[in-house]
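Protein chains in written order, with the working numbering: chain W, -12 to 251; chain D, -12 to 251; chain H, -12 to 251; chain X, -12 to 251.
Every residue, glycine too, gets a C-beta built ideally from N, C-alpha and C.
Here's the structure, in structure tokens; my notes come after.
Number of protein chains: 4
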Amino acid sequence: MLHGYTLPRTPGGTSSLVAAPPWHFAGDALAVAFEGDPASIASLLPAPLELDSPRCAVYFIEWQFATDGGEEFLDPSRSQYRETLFLVSARFEGLPVSYCPFIWVDQDISMVRGHLQGWPKQLGSTWISRSHALTSPASPVLGPGGRFGASLGVKDRRLAEALVTLREPSDALPTPGFARAVNVRYFPDLAGGGPLLHDLVQLRSRNVQVSQVWKGDAELALHAHPTLELSLLKPERVGFGYRFSMALTVDDLVVLKDLRDGVS
Amino acid sequence: MLHGYTLPRTPGGTSSLVAAPPWHFAGDALAVAFEGDPASIASLLPAPLELDSPRCAVYFIEWQFATDGGEEFLDPSRSQYRETLFLVSARFEGLPVSYCPFIWVDQDISMVRGHLQGWPKQLGSTWISRSHALTSPASPVLGPGGRFGASLGVKDRRLAEALVTLREPSDALPTPGFARAVNVRYFPDLAGGGPLLHDLVQLRSRNVQVSQVWKGDAELALHAHPTLELSLLKPERVGFGYRFSMALTVDDLVVLKDLRDGVS
Amino acid sequence: MLHGYTLPRTPGGTSSLVAAPPWHFAGDALAVAFEGDPASIASLLPAPLELDSPRCAVYFIEWQFATDGGEEFLDPSRSQYRETLFLVSARFEGLPVSYCPFIWVDQDISMVRGHLQGWPKQLGSTWISRSHALTSPASPVLGPGGRFGASLGVKDRRLAEALVTLREPSDALPTPGFARAVNVRYFPDLAGGGPLLHDLVQLRSRNVQVSQVWKGDAELALHAHPTLELSLLKPERVGFGYRFSMALTVDDLVVLKDLRDGVS
Amino acid sequence: MLHGYTLPRTPGGTSSLVAAPPWHFAGDALAVAFEGDPASIASLLPAPLELDSPRCAVYFIEWQFATDGGEEFLDPSRSQYRETLFLVSARFEGLPVSYCPFIWVDQDISMVRGHLQGWPKQLGSTWISRSHALTSPASPVLGPGGRFGASLGVKDRRLAEALVTLREPSDALPTPGFARAVNVRYFPDLAGGGPLLHDLVQLRSRNVQVSQVWKGDAELALHAHPTLELSLLKPERVGFGYRFSMALTVDDLVVLKDLRDGVS
């Protein structure tokens, strides 16, 4: 009898790349809100999602994860990962949602756990400035004047760079945000024919906590790539930058619509 | 309209982690045949596979891949990867097949392309001695007396080490081999209930070419790991070691059996 | 005219691997104090250092660095690095000092900057649990009951693992500490003869700041390696574990003794 | 008594990052000859080297190394590394030499072994197409029409990309070549004052072997970087590309001139 939430499935069930949910996450984020070209953003949306606005956001996050009682963070090579993701503003059946066209992480566990939720994760290298709890020219202050940078690299090419100078506390998180994120699960069939799995899903998270949010000025640069169409999100106007911590739990998903041909 | 063989799907279709098949592969392999404990090996087999023999093999391979006309090898960070995989000897409906309980690669493209074929790929670090085409104390000879090593590491833990001393040409490849490999495709449903996809599939490859095969003495060590149950394959007897190159094309798959509960 | 603090030296001087001091550092540390075998520890000391006690400490640290006005942390791939180092208790001319037989970092900049100070740095992979500022099963609390892990891996082999459960605030840092660390600078001469540089140096740091220190129970395991003689530090008794942040500035060094043959 | 060719020096002497010479190397190279701006190239030369011509070459190499009887290639994570280096055409006391302003490798052992010879090595990521010994769309042929690519990335930024299409065998290697390479050894003194070591050295290699050399058309792109002054080597004219294997032994060095102030 084989056990395990994903492959490889084994007698003990401890070899699976992804352990069974719930998955608890805690992380520190640097984010930048921006606006792109509406037609380009709309071109990235899977039907039946429609463009809501040209508002986008990029998040650079250092995460730590654990399952119930798993304490994976005690062997942090199995728990920590860094992530860069882009969210755009969409509408599903008239209601505003966010949609993620691109996301990169630096660990296999996170990558496949993401695929199960429809996150289109690839491997990439994310770096984010840290604020250590001491006064030093090596550590930006988590407060007015604190300067933070972040970068994304994919297979030795730098794709994104952000710079944020904190100015003041903020009551609000950047938008679009994670709260109503909609993804697409997709599994093509090498045996031929259409995909075995192709549906629109909405993420559900609980136990959501957010720290004090700091807000400030921001710069954002996205660089061209020979195959990754990230330039469809080229910023036309850059908004505020944000720094905050958050925690949440994921163990559910709502299927919004089967997208396979001939499936109503 | 979104295009792409896998996520992320985009207007141009060039952003997908995995490009559409056919996928052409060429690689250099170091392999060691061995026998493990029959009951332990059997415990790794998904029903209805049955144990055929205690014969196993581990392959360490440096691959390069391309799609039709894609010439991905010209940007080798997108084409090259290293792999370690274990094959065991099973039987499906009375016929001998091979089954892969564990496999590791070092690139996301290869990892997800594997998942689409049921390979239970995780990220791992493989190193293999190379024979350069010159006489040097730094380069083993590809012939009698040539000594080759290989290792597998997973998240900073070394899991496997092999050592092969070539003795003579061989007419045969190690067994179990890739020819009739059977995998399990598996996609759990975070929305609840059983897996969305759970079937037994048989790989099909074509254009298979193999170089001259060299054979010799071998040593193999597998190390304990806190969660990965690789020690179920602990060698009880180590057979020959092999060195060879191979090339093949993959663009098809045969579904042998749906393994979901209640599906006949 | 070429400029730069280290190679490569160039017209603009910005290409050097290491920028000119002062070097400012801020970091979060997990440390474990322990005692080893006195004779084994003594065997690691360069003359004229003598053993002071069997007390040792291992530090796992996530660092961020900057030069004066350089703000390297805004491009954190050039500023952040992780480090594992061991300190032992020695005596120089009757005064207690600490000595570092082994240290690993994960960035070239830090590695060579260390060599200039006599730190025997090699590349290694360090992971340390983080406490995010929110309550989550994914984040240990920085206070009583908080559990933290750390690991060191070198070329796919895991060398060290630590586990600390915080119990109470501490007025003291672990010992041996960084305050009076003594290193050896060493540069062999490929042209033949003895080393071009071989001296005993004492580090000087300033602007030293330390956060609240938390102390608790600890476990520590060091694993055997085919060439790295870390097992000379095998713990015979494991003391307290510590968690704290620190910041300091380095821009000076004191030469204690030239160790080349025939130099008095 | 401590032993070891470099730090860390230990009782057994096996922990040193770099083992004592002789060092044997075998590797596969892709190279592109090109011409840059004479004044820019000259600005990179350390006095008393003078510009000989605007001829430059970039080499991308996959190396394997071993010491006498060390067989390091049997644990290839300690033996294999990839390298990108640039050579320019200089003159020392009227004789033509080559000089390396920039070089990147991906292993600590190689990096420090290079520093001992004056190579200004930094960590970087090199990828090179391979020709496997079989006919496949995934493997370029090592002969007329074979197309090979290579790239260099440094901390998530791509710095160089080359493309070579082989046309014919060549009797000659690209120039400038390794044969008379001149480097600068340099060790700054953190205790203050000028460098402890600053001299011009000429490499000596023996047992040099070269395989059949293939030559063809080439493209080369160097990309701008915020601090690395590689654009001083911007190609004004790109010459032939080359593919070959080579092996050599290094265990000596000739000091040409002490470059410290006040040292004649």
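Rounded to whole angstroms, what's the CA-CA distance from residue i to residue j? Just pull it up for me.
i: D24 (chain D); j: S2 (chain W); result: 19 Å
i: A147 (chain W); j: K221 (chain W); result: 10 Å
i: L153 (chain H); j: L17 (chain H); result: 11 Å
i: S27 (chain X); j: A7 (chain X); result: 37 Å
i: S76 (chain D); j: D143 (chain D); result: 30 Å
i: T71 (chain D); j: L139 (chain D); result: 7 Å
i: A168 (chain W); j: I90 (chain W); result: 13 Å
i: A159 (chain W); j: K244 (chain W); result: 31 Å
i: L103 (chain W); j: Q104 (chain D); result: 16 Å
i: W(-11) (chain D); j: A120 (chain H); result: Reading the sequence as shown, one finds Leu at residue -11 (chain D) and not Trp. The alpha-carbon atoms of L(-11) (chain D) and A120 (chain H) are separated by roughly 40 Å.
i: A44 (chain W); j: A29 (chain W); result: 15 Å
i: S118 (chain D); j: L129 (chain D); result: 6 Å
i: A178 (chain W); j: Y86 (chain D); result: 19 Å
i: R(-4) (chain W); j: L217 (chain D); result: 12 Å
i: P(-2) (chain W); j: R42 (chain D); result: 19 Å
i: L215 (chain H); j: V141 (chain H); result: 10 Å
i: T122 (chain W); j: V241 (chain X); result: 48 Å
i: R100 (chain D); j: H212 (chain W); result: 22 Å
i: R65 (chain X); j: T162 (chain H); result: 33 Å
i: Q67 (chain X); j: S157 (chain D); result: 28 Å
i: V151 (chain W); j: A166 (chain X); result: 49 Å
i: Q199 (chain D); j: Q199 (chain X); result: 22 Å
i: G81 (chain W); j: G81 (chain D); result: 56 Å
Just to confirm my understanding: we take residue i, look at its own chain, exclude 5 residues before and 5 after, and list those with CB closer than 6 Å. What are they?
i: P83 (chain W); result: D39
i: H11 (chain D); result: A53 and T236
Measure the beta-carbon distance from residue i to residue j and round it to whole angstroms, keeping in mind my assumption that it falls under 8 Å.
i: P33 (chain X); j: L246 (chain X); result: 7 Å
i: P127 (chain X); j: G133 (chain X); result: 4 Å
i: A13 (chain D); j: A234 (chain D); result: 4 Å
i: F73 (chain X); j: L36 (chain X); result: Between L36 (chain X) and F73 (chain X) the Cβ distance is about 15 Å, and since that is not below 8 Å, they are no contact.
i: V197 (chain W); j: L(-6) (chain D); result: Not a contact, Cβ separation roughly 28 Å.
i: M98 (chain H); j: D95 (chain X); result: 6 Å
i: G136 (chain X); j: A149 (chain X); result: 7 Å
i: L207 (chain W); j: V19 (chain W); result: 5 Å
i: D252 (chain D); j: P63 (chain D); result: Only positions -12 to 251 of chain D appear in the structure, and residue 252 (chain D) is not among them; the question remains open.
i: D55 (chain X); j: S232 (chain X); result: Wrong, their Cβ atoms sit about 21 Å apart, outside the cutoff.
Apart from the five residues on each side of it in sequence, which residues of its chain come closer than 8 Å, Cβ to Cβ, to residue i?
i: R69 (chain H); result: F47, I48, E49, W50, V92, D93, S112, T113, W114 and I115
i: Y173 (chain H); result: G105, P182, L184 and H185
i: E155 (chain D); result: P131, W201, K202 and G203
i: R145 (chain X); result: S138, L139 and H210
Please work out which residues of its chain come closer than 7 Å, Cβ to Cβ, to residue i, disregarding the five sequence neighbours upstream and downstream, and give them in chain order.
i: L31 (chain X); result: V75, P88 and L219
i: Y(-8) (chain H); result: S3, V5, A6 and A7
i: R224 (chain D); result: F21 and E22
i: G181 (chain X); result: R247 and D248
i: G0 (chain W); result: H(-10) and G(-9)
Taking 6 Å as the cut-off, is the CB of residue i close to at least one heavy atom of the ligand GTP?
i: D186 (chain H); result: Ligands displayed in this structure: none; no statement on the ligand GTP is therefore possible.
Would you please verify whether the beta carbon of residue i is less than 7 Å from any beta carbon of chain A?
i: F60 (chain D); result: Judged by its chain identifiers, the structure shown contains no chain A, and its protein chains are W, D, H and X.
Review point. Does the count of Cβ pairs from the stretch 107 to 117 of chain D and the stretch 187 to 194 of chain D closer than 8 Å reach three?
Key: no
Exercise for review: Report yes or no: do three or more beta-carbon pairs, one from the stretch 225 to 243 of chain X and one from the stretch 202 to 212 of chain X, lie closer than 8 Å?
Suggested key: yes
Review point. At a cut of 8 Å, does the stretch 174 to 193 of chain W reach the stretch 53 to 66 of chain W through at least three beta carbon pairs?
Key: no
Point to revise | Residues within the stretch 119 to 139 of chain D neighbouring chain H, beta-carbon criterion of under 9 Å | key: Taking a C-beta cut-off of 9 Å against chain H, the contacting residues of the stretch 119 to 139 of chain D are S138 and L139, listed in chain order.
Check your understanding: What residues in the stretch 65 to 80 of chain X bring their beta carbon closer than 8 Å to a beta carbon of chain D?
Key -> Under the 8 Å Cβ criterion, the stretch 65 to 80 of chain X contributes S66 and Q67.
Exercise for review: Using a Cβ-Cβ cut-off of less than 7 Å, list which residues of the stretch 77 to 101 of chain H approach chain X; keep chain order.
Suggested key: From the stretch 77 to 101 of chain H, only P88, F89, D95 and M98 have a Cβ closer than 7 Å to chain X.
Review point. Relative to chain H, which residues along the stretch 137 to 159 of chain D have a C-beta separation below 7 Å, given in chain order?
Key: S138, G140, D143, R144 and R145
Exercise for review: Please name the residues in the stretch 185 to 210 of chain W whose beta-carbon is closer than 7 Å to at least one beta-carbon of chain H, in chain order.
Suggested key: Q196 and S198
Practice item. With 8 Å as the C-beta to C-beta threshold (strictly closer), list the residues of the stretch 2 to 25 of chain W near chain H in chain order. Key: H11, F12, A13, G14 and D15
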